[in-house]
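Participant: If you scroll down you'll find the structure; I have some questions about it.
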Amino acid sequence: MIKAILFDFMGTCLDWHSSILPALPSTLSHDAKSDSRSNGAKPTSTPTPRGSHPEIKPLFSEEVQEKAVAAWHHQKAWPDVAAALRKLKEDCGLEIYVHANGTTRLQLDLVRSSGLKFDMLFSSELLGCYKPAPENYRRALGLLKLRADECVTVAAHTSDLRGAKAVGMKTVYVRRETDDVWEDQEVIRSENDVYLEDMQELDKRPSAAIAALGGNNVPSLTHRCCVQLFP
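Going by this note's numbering, the sequence shown wraps up at 285, each residue one higher than the last.
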């Protein structure tokens with residue numbers, strides 16, 4: 055029986071790209087602003103476009119960099135996330151967690167800025183290693199006192215889901231325009247238990263997980279609007 059859902063945060067739940075754009079220099083070209091997204095990569099510290107636009111380096115003064123880092127700590131949620139989380143928690147009785155790389159301080163700031171509500175935040179800083187290392191998932195499961203087959207990972211990143219599957223967790227891929235840009239989506243679809251275009255599917259489409267992500271906990275709800283996702 056599924057008891058908990060572990061969500062990747064940036065990219066999966068948060069629109070990191072649109073959140074940092076206002077902090078970038080106004081003189082920056084559209085192509086340069088889109089560089090990190092088109093490369094399918096998120097910045098890890100100072101969110102500045104990389105590589106193919108060396109001419110922009112002088113635009114990133116210390117003040118601009120500070121604004122960009124501040125924006126990285128103040129991201130907005132994708133519009134489909136809050137309702138999906140609420141239904142999984144309130145209607146299905148599931149535990150929901152952030153499980154993401156980064157510092158605990160970053161996650162606390164992002165929960166505040168996004169307005170999203172979780173039961174707990176599991177940062178790589180807290181767990182002592184990064185996803186997709188198997189030990190990262192095992193440590194989270196150990197703290198939750200749950201087995202891998204009682205948990206599901208939801209992410210917009212193939213690497214996160216491959217790590218989860220390697221330790222025995224079920225996986226739900228949510229496609230986002232900001233991430234996995236160069237990945238073969240058909241391969242991703244075949245690798246995961248569920249492939250979704252957005253999180254609205256988590257509560258609108260019967261096969262999109264409400265039953266399997268907790269339907270056993272709520273038989274009446276399962277009968278009314280859900281089918282089992284993971285036989």
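Note that the Cβ used here is the ideal one computed from N, Cα and C, for glycine as well.
Just verifying my parser: in three-state terms, what is the DSSP assignment at P103?
Facilitator: The residue given as residue 103 occupies position 49 in the sequence shown. For P103, the pLDDT reaches just 46, beneath the cut-off of 50, and the residue's location in the model is therefore unreliable, although a value from the coordinates is still provided. DSSP places P103 in coil when its eight states are reduced to three.
Participant: Measuring alpha carbon to alpha carbon, tell me which residue in A210, L195, L250 and V248 is nearest K57.
Facilitator: Within the sequence shown, residue 57 is the residue found at index 3, counting from 1. With distances taken between Cα atoms, K57 lies closest to L195.
Participant: Spell out a yes or no on whether the segment 58 to 70 and the segment 164 to 180 are touching, meaning 3 or more CB-CB pairs, one atom from each, closer than 8 Å.
Facilitator: Short answer: they touch.
Participant: My assumption, with CB atoms under 8 Å, is that K23 sits in contact with L198. Please give the rounded CB distance.
Facilitator: With the chain covering only 55 through 285, there is no way to say anything about residue 23.
Participant: Could you round the C-beta distance between A210 and D234 to whole angstroms and report it? I think they count as a contact, below 8 Å.
Facilitator: Start at 1 with the first residue of the sequence shown, and residue 210 comes out as number 156. Start at 1 with the first residue of the sequence shown, and residue 234 comes out as number 180. Correct: roughly 7 Å between the Cβ atoms.
Participant: For A202, which residues in the same chain have their Cβ closer than 7 Å to its Cβ, ignoring the five residues on either side in sequence?
Facilitator: Counting from one through the sequence shown, the residue named residue 202 turns up at place 148. L195, V221, G222 and M223, listed in sequence order.
Participant: K224 lies in the beta strand (DSSP E); which residues open and close that run?
Facilitator: Start at 1 with the first residue of the sequence shown, and residue 224 comes out as number 170. Start and end: K224 to V228.
Participant: Assuming A182 contacts R166 under a Cβ cut-off of 8 Å, what Cβ separation, rounded to an integer in Å, is found between them?
Facilitator: Position 128 of the sequence shown, counted from the start, is the residue given in the question as residue 182. Position 112 of the sequence shown, counted from the start, is the residue given in the question as residue 166. Note that residue 182 corresponds to Gly in the displayed sequence, not to Ala. That pair is no contact at about 24 Å.
Participant: Within the segment 162 to 216, note down every full beta strand (DSSP E) run reaching 3 residues or more, in order along the chain.
Facilitator: Runs of the beta strand (DSSP E) inside the segment 162 to 216: 174 to 177 and 205 to 209.
Participant: One question on the structure: do V123 and P79 come within less than 7 Å of each other, judged by their Cβ atoms?
Facilitator: As a first step, residue 123 must be located in the sequence shown, where it is residue number 69. As a first step, residue 79 must be located in the sequence shown, where it is residue number 25. Result no, Cβ atoms of V123 and P79 do not sit closer than 7 Å.
Participant: Rank M55, V248, E237 and A131 by C-alpha distance to the C-alpha of V228 and give the top, closest one.
Facilitator: As a position in the sequence shown, residue 228 is number 174, starting the count at 1. Of the listed residues, the one whose Cα sits closest to V228 is V248.
Participant: Taking E116 as the reference, which of A154, S244, A131 and A77 has the closest Cα?
Facilitator: Taking the sequence shown and counting its residues from 1, one reaches residue 116 at position 62. Comparing Cα positions, the closest option is A77.
Participant: According to DSSP, is V152 part of a helix, a strand, or is it coil?
Facilitator: For this step, residue 152 is matched to residue 98 along the sequence shown. Note: V152 maps to strand in three-state DSSP.
Participant: Run through the DSSP bridge pairs and tell me what L60 is partnered with.
Facilitator: For the purposes of this step, residue 60 is taken as the residue at position 6 of the sequence shown. Answer is Y151 and T207.
Participant: Is the distance from the Cβ of P186 to the Cβ of S213 below 7 Å?
Facilitator: Position 132 of the sequence shown, counted from the first residue, corresponds to residue 186. Position 159 of the sequence shown, counted from the first residue, corresponds to residue 213. In this structure, S213 lies closer than 7 Å to P186 by Cβ.
Participant: Check V235 in the structure and name its three-state DSSP category.
Facilitator: For the purposes of this step, residue 235 is identified with residue 181 of the sequence shown, where counting begins at 1. The answer is coil: DSSP assigns V235 none of H, G, I, E or B.
Participant: At what residues does the alpha helix (DSSP H) containing V123 begin and finish?
Facilitator: Against the sequence shown, residue 123 aligns to sequence position 69. First-last of the alpha helix (DSSP H) with V123: E116 to W126.
Participant: Spell out whether any CB of chain B is found under 7 Å from the CB atom of L180.
Facilitator: Looking at the structure shown, chain B is missing, and only one protein chain is on hand.
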